[in-house]
Structures are given as structure tokens and as C-alpha cells.
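Engineer:
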Amino acid sequence: MPHLHAIFPLPSNSKPFQHSNILSASSSSFSSSGPIRRRLPRTFSPSKHPNLKRLTSRIVQLTRRRQLHQILEEIENAKREYGKLNTIVMNAVMEACVHCGDVDLALNIFHQMTEPHSCGVDTVTYATLLRGLGRARRIDDAFQLLESVEKGTAAGKPKLSTQLIYGLLDALIEAGDLRRANGLLARFGFLLHEGGSSSILTYNLLMKDKAQRLCCSDLYPDVITYTTLLMGFGHAKDLHSVQKIVLEMKSCHDLFIDRTAFTAMVDAMLNCGSIKGALCIFGEILKQAGANVDLRPKPHLYLSMMRAFADWGDYNMVKNLHERLWPDSAGTISLAAQQEADHLLMESALNNGQIDAAVENLTKIINRWKCISWTSRGGMVALRIEVLLGFNKSMLSPYLLPQVLPGNPIERIMLPLETVRPLPGSLELKKVVMRLYREPVVPIIDDWGICIGLLHREDCCEMNAPLSAMMRSPPPCVTTTTSIGHVVDLVLKKKYKMVIVVKHSNLNGTTHGSRAVGVFTAEQLHNVVAPVPEGLKQKHTVRRSLTMF
1 MPHLHAIFPL PSNSKPFQHS NILSASSSSF SSSGPIRRRL PRTFSPSKHP
51 NLKRLTSRIV QLTRRRQLHQ ILEEIENAKR EYGKLNTIVM NAVMEACVHC
101 GDVDLALNIF HQMTEPHSCG VDTVTYATLL RGLGRARRID DAFQLLESVE
151 KGTAAGKPKL STQLIYGLLD ALIEAGDLRR ANGLLARFGF LLHEGGSSSI
201 LTYNLLMKDK AQRLCCSDLY PDVITYTTLL MGFGHAKDLH SVQKIVLEMK
251 SCHDLFIDRT AFTAMVDAML NCGSIKGALC IFGEILKQAG ANVDLRPKPH
301 LYLSMMRAFA DWGDYNMVKN LHERLWPDSA GTISLAAQQE ADHLLMESAL
351 NNGQIDAAVE NLTKIINRWK CISWTSRGGM VALRIEVLLG FNKSMLSPYL
401 LPQVLPGNPI ERIMLPLETV RPLPGSLELK KVVMRLYREP VVPIIDDWGI
451 CIGLLHREDC CEMNAPLSAM MRSPPPCVTT TTSIGHVVDL VLKKKYKMVI
501 VVKHSNLNGT THGSRAVGVF TAEQLHNVVA PVPEGLKQKH TVRRSLTMF
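Rendered as C-alpha cells:
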């Protein structure tokens, strides 16, 4: 009987991990007659020249883990320790704010840097801030900042350079805002030509307009240019622009539309929700592929079409595409593509209301693939079928979690961090090798007591290397208020052996926290599951093993 592994854990009291402060004075016992010496507060000395490279490196590491709250805390501590910090450090903090999506905080830090007796700003500061404003879609603020730089009224007197333009341009293109990207190039494009040549992306955006003004056929868009524009407008879901470009491409008699361009057309149509338009272009591809085998679509295109029709519940269309995937596509069909095609066939049957056909396809999946992720698209379809069948006709024989409720917060069942005894990342493996022999995974902390990664037994390959060199970082993190059900999904889908639990107040809206308070392990999960009682189920004709992870 196939098994559905879904699992949930043990309640325990959680306390924050307490680590020693290396700056605190140790307590001592003195006789009543001896003098008592008091340590004066540490103050900044102007003659001291601190080395801030280690602090900058630390900020970069925390930025990758999106621990913005911890960065701000350590910056404040560094200011009390050293006084004024330099521009390099503060630029790293600006980058952290942009990386974590907090552009308001980036603006506050920018204004602090421009204040008198502060560290000041440079071109890197402005480029980082412009990129953040672009990602936040605050285009008016970004243009005002650029204009102040152009007029020479900006703080720090930076020069208008390509570095500033590209910071905003990249953000606009990533967001699919090609209209404003062209406006930016029209306003400040002269800078991009001063170096002799502009980037390919800029060339693609401006090629066409210049060709029309100068009546120069050599500058008209080529197939690569059109493909780039299709990707951009498709990402922006601008159907009108996509249709206009497709029509223009077909009207150019000297333009050869290759397989990549045709695929970009279909993908853009699907992204814009025009399934009929995508189907028309797909049919044209198949028609032309009869005379030119180089135009035969790749498996990716078949899957894209199948996903769209599976959503519609068009079982016959998905079935036809499924049958023609092998004989009519070009290139290698990976196992993942084959598996997804089977899942989409099952999904389309279920969405069409053909329960028997969906069950039949699930049976074939059980016999062929043996495993399926229960949080994947196909896994969710399988669970929908399970709900319709009920326990009496279950094909997967799921396990129950009688000890916990999936909606409860994970802090009720997590293990406190001190109980799993985290190891410092600076330790060499040879000193703790027996620990890894007994335990499959161990949390690793840095000098500040922050959990920076997980060391797995199978990754231990160098006896003289520090643990931090072999750990997997950043560790998977959830907050104390995250539901047990969501954590179980992570453990099963990602096959995590351990998940770090952090305080909710430390996250500042990001994924990873600053101070770990507990862990949840796969071993805990497997200790609380229970199979469905025999009285709730009956024998089923399908007796294949399907692992749901």
C-alpha cells in the first residue's frame, strides 16, 4: 500500500539561546577589607584607527541571510565602539537595505551619511539607492535624484556616470517596465554612448527608434532584439505590445523567425493569458517544422502549453500534447519533464470532472514513478483525489498526526537550541568528529552566537578544516509563530534534516532571523506519526509504493 509521509512533533518549553558577552567583566569574589575596583565604561578614542574590514565582511554575510535587524544592531554597537564609520561600511548597509527590500530605511541611512561630520556618500551610494528606488517602483524619486546629480546639487557632488544609469535601468527591466526604461534612456542615454558603445540590452531597447529616424535598414531590429522585447513585454503582461511585436515580426520579409523566437512568442502569449493566441502560434510552429526540422519545438514548449490547458480542464488537448511530446519534440526529454507531463494529464482530467480518468492516471504515476512531492503541483492534485476518495478508498494510505494540530505554532513542539548543543564554526572537525558520528546534523554558530549554518555528517570530508568551511549556509529558518503544518511542508519538500526556529521579533519582515531559539528535526517528525487505523480503510486494488515527500 502506498504511503503518505506527513509528520508533526513534541511540545517543549523554548528559551532563547544565551551566549556569553566577550566584553563583559567576569565576576569575582573579594574580601570585605580589600578595595573594590570598578571597570569604567569603554569610550571611543580619536587616536584609535579601527580595522573595519571584518565588520564589512560580517555585514555582507548577514545580507546574504537577509538578517537586516542584526546588521543594524551590530552597526550601532560598532558606532559606540569606534565612533564614526567609513563610507565603505555604510555602503554595505545600504546594499543590505536594498537587498532586503526596505528602501525607506535605505533613504534614512542615505540622509544620515550626508549629514555634516558623517562619513559622506559616493557614486556607489547613489547607484545602490537608485537600484532600490527602481525595484520599489518609486521612479519619480529616482529621476529627481538623477536630476540633482546632473545639476550638481546632490550631496557629495557625484558625477553623472553610466554606473548610476545602469543601477536604475536594470531595476526597471527586471520589473518589466520597458516604457520607463526607454524614457530613462531617452533622457540620459547620451552617457551610454560616451564610452564608444552601449550594452546589448540598451542596443535592443533603442535600435528600432533610431533606425526609423535615420531610415537606416542596418539598424532595424533583428530576431534577438525582437525576442528580448517579447520576453520583457510578456513579463509585464502587456498583451497589446506582444501582439504588435508578433505582427511586426511576421511582416518583416527579411527576418527569419527561429525556434527561440517562436518559443518566446508562445511564452509571452501565455504570460499575458492569451491561450488562443499561443495555440495559433504553436500550430504555426508545427506546420513550418514539417519543412524545417530545426523549428521542431523543445519539450519546454509542450509543457508550457499543457500547463495552460490543464488549468482550463481541457483533458483532450492535454492528452493530445502528451501523446505528441515524444515523436514531435526536439532534444532530450528529461525525467522531470516526463514526470510533469504525467502530472498535468492527471490534473487536466480532474479539472474536467473526469474522476475515473484522474484516478487511472494517478495509478499509472504510482506504478511508474514511485514518488511525488506532496507540495508540488502534481502532489496537490493527488491530495485532491485522495480527499474525493476518502479513507475507505485511499490510494496513498496517509499517516495521521494525532499528537499535534497543524495550525499550532512551531514553538510548542520545537527543541530549545541549547538542548542540541550547537558548535562554534571555528572548531576543527577532528575535535568533534565523534559528535558527527552520533548525530546526522549539527547547528553551527559564529562568535556572536548566531546560527550561521548546519553541518551534515555526509559533508565532513576534511579533519583539519574548520566546521564553517563544510557547513551548509544559510540554514533553513522559520519564526516561532510559523505553523507546524508549514514547517512539516518544508521538511518533507526540501528534505531538511533540521530547521532553525528564530524569534519573530528579530525578523523585521525577512525570512531569516538573528537569534535562534530552537530547532525542529526530521527525527521529531517521524516520532509522532501514526498510520491510519485499519477500521478507517479497506484494501484497495493498487498495492504499489508511492512515497510522498
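Under the UniProt record's numbering, the first residue of the sequence shown is numbered 1, with each subsequent residue one higher. Glycine residues also receive a C-beta, built at the ideal position from the N, C-alpha and C atoms.
List the endpoints of the continuous alpha helix (DSSP H) containing MET317.
Structural biologist: First-last of the alpha helix (DSSP H) with MET317: 315-328.
Engineer: What residue does the beta strand (DSSP E) around residue 557 start on, and which one ends it?
Structural biologist: Past the boundaries of the shown model lies residue 557; the chain is included only from 1 to 549, so the question cannot be answered.
Engineer: Helix, strand or coil: which one does DSSP assign to CYS280?
Structural biologist: Here CYS280 sits in helix by DSSP.
Engineer: Identify, in the order they occur along the chain, each residue of the same chain with its Cβ nearer than 6 Å to the Cβ of ALA358, setting aside the five sequence neighbours on each side.
Structural biologist: Same-chain partners within the cutoff: MET346, ALA349, LEU350 and ILE385.
Engineer: Kindly identify the DSSP beta-bridge partner or partners of PRO424.
Structural biologist: The partner list for PRO424 (beta bridge, DSSP) reads ILE445.
Engineer: Excluding the five sequence neighbours on either side, which residues of its own chain have a C-beta within less than 6 Å of the C-beta of LEU229, listed in chain order?
Structural biologist: Excluding positions up to five away in sequence, the list reads ILE245.
Engineer: Measuring CA to CA, which of GLU411, SER473 and LYS151 is closest to THR481?
Structural biologist: Answer by Cα proximity: GLU411.
Engineer: Does DSSP classify ARG187 as helix, strand or coil?
Structural biologist: Of the three classes helix, strand and coil, the one that applies to ARG187 here is helix, per DSSP.
Engineer: Should ILE500 and PRO443 be called a contact, given that it needs their Cβ atoms to be closer than 8 Å?
Structural biologist: Yes, the pair counts as a contact, with Cβ atoms nearer than the cut-off.
Engineer: Taking C-beta to C-beta, are TYR302 and LEU321 nearer than 8 Å?
Structural biologist: Yes; because the gap between Cβ atoms is below 8 Å, this pair is in contact.
Engineer: Can we count ALA357 as close to the ligand ZN, meaning its CB is less than 7 Å from some heavy atom?
Structural biologist: For the structure depicted, the ligand ZN is absent and the ligand set is empty, with no information on it obtainable.
Engineer: Do LEU130 and ALA142 count as a contact pair if the criterion is CB distance below 8 Å?
Structural biologist: Yes, Cβ-Cβ distance for ALA142 and LEU130 is below 8 Å.
Engineer: From LEU146 to VAL103, what distance separates their C-alpha atoms?
Structural biologist: C-alpha separation (whole angstroms): 17 Å.
Engineer: Whole angstroms is fine: what's the gap from ILE450's alpha carbon to VAL517's?
Structural biologist: Looking at the two C-alpha atoms, the distance is approximately 10 Å.
Engineer: Flag this pair as yes or no: are the beta carbons of LEU164 and THR114 separated by less than 8 Å?
Structural biologist: Their beta carbons are not under 8 Å apart, which means LEU164 does not touch THR114 by this criterion.
Engineer: Excluding the five sequence neighbours on either side, which residues of its own chain have a C-beta within less than 7 Å of the C-beta of SER473, listed in chain order?
Structural biologist: Contacts found: ILE452 and GLY453.
Engineer: Helix, strand or coil for THR479? Go by DSSP, reduced to three states.
Structural biologist: Strand.
Engineer: Could you give the DSSP three-state label for ILE22: helix, strand or coil?
Structural biologist: With a pLDDT of only 26 at ILE22, under 50, the local geometry of the prediction cannot be trusted, and no value is derived from it.
Engineer: Who pairs with ARG472 in a beta bridge, going by DSSP?
Structural biologist: DSSP, once it has assigned bridges, lists LEU454 as partnering ARG472.
Engineer: Quick check on ARG179: buried or exposed, where buried means 16 or more other Cβ atoms within 10 Å of its Cβ?
Structural biologist: The residue is exposed, with fewer than 16 neighbouring Cβ atoms inside 10 Å.
Engineer: Are there three or more Cβ pairs, one per stretch, closer than 8 Å when the region 295-312 is compared with the region 270-283?
Structural biologist: Yes, the region 295-312 touches the region 270-283.
Engineer: Tell me which residues share the same chain as GLU462 and place their Cβ nearer than 8 Å to its Cβ, disregarding the 5 neighbours each side in the sequence.
Structural biologist: Excluding positions up to five away in sequence, the list reads LEU429, ALA469 and MET470.
Engineer: Thinking C-alpha only, which one of ALA289, GLY290, GLY425 and VAL266 is nearest LEU279?
Structural biologist: If we check each option's Cα against that of LEU279, VAL266 comes out closest.
Engineer: Roughly how many whole angstroms lie between the Cα atoms of LEU401 and GLN524?
Structural biologist: Cα to Cα, LEU401 sits roughly 12 Å from GLN524.
Engineer: Thinking C-alpha only, which one of GLU360, CYS477 and THR521 is nearest THR419?
Structural biologist: Here the closest residue by C-alpha is THR521.
Engineer: Do you know whose CA, among TYR496, ALA330, ARG515 and LYS370, lies nearest ASP446's CA?
Structural biologist: Here the closest residue by C-alpha is ARG515.
Engineer: How many Å lie between ALA78 and ARG54 at the Cα?
Structural biologist: One C-alpha to the other measures close to 11 Å.
Engineer: Kindly list the residues whose CB is nearer than 6 Å to the CB of residue 611, restricted to its own chain and excluding five residues on each side of it in sequence; keep chain order.
Structural biologist: Any question about residue 611 goes unanswered here, given that the chain covers just 1 to 549.
Engineer: Can you tell me whether DSSP reads residue 594 as helix, strand or coil?
Structural biologist: Nothing can be reported for residue 594: it is not among the residues displayed for the chain, which extend from 1 to 549.
Engineer: Of all the options PHE110, LEU168, THR162 and MET207, which has the alpha carbon lying nearest to the alpha carbon of GLY156?
Structural biologist: Selected option, being the one with the closest Cα: PHE110.
Engineer: Output the distance between the C-alpha atoms of ILE88 and ALA127, rounded to the nearest integer angstrom.
Structural biologist: Going from the Cα of ILE88 to the Cα of ALA127 covers about 14 Å.
Engineer: First and last residue of the alpha helix (DSSP H) that includes VAL387?
Structural biologist: Residues 377-389.
Engineer: For LYS298 versus GLY331, is the C-beta distance shorter than 8 Å?
Structural biologist: Closer than 8 Å, so yes.
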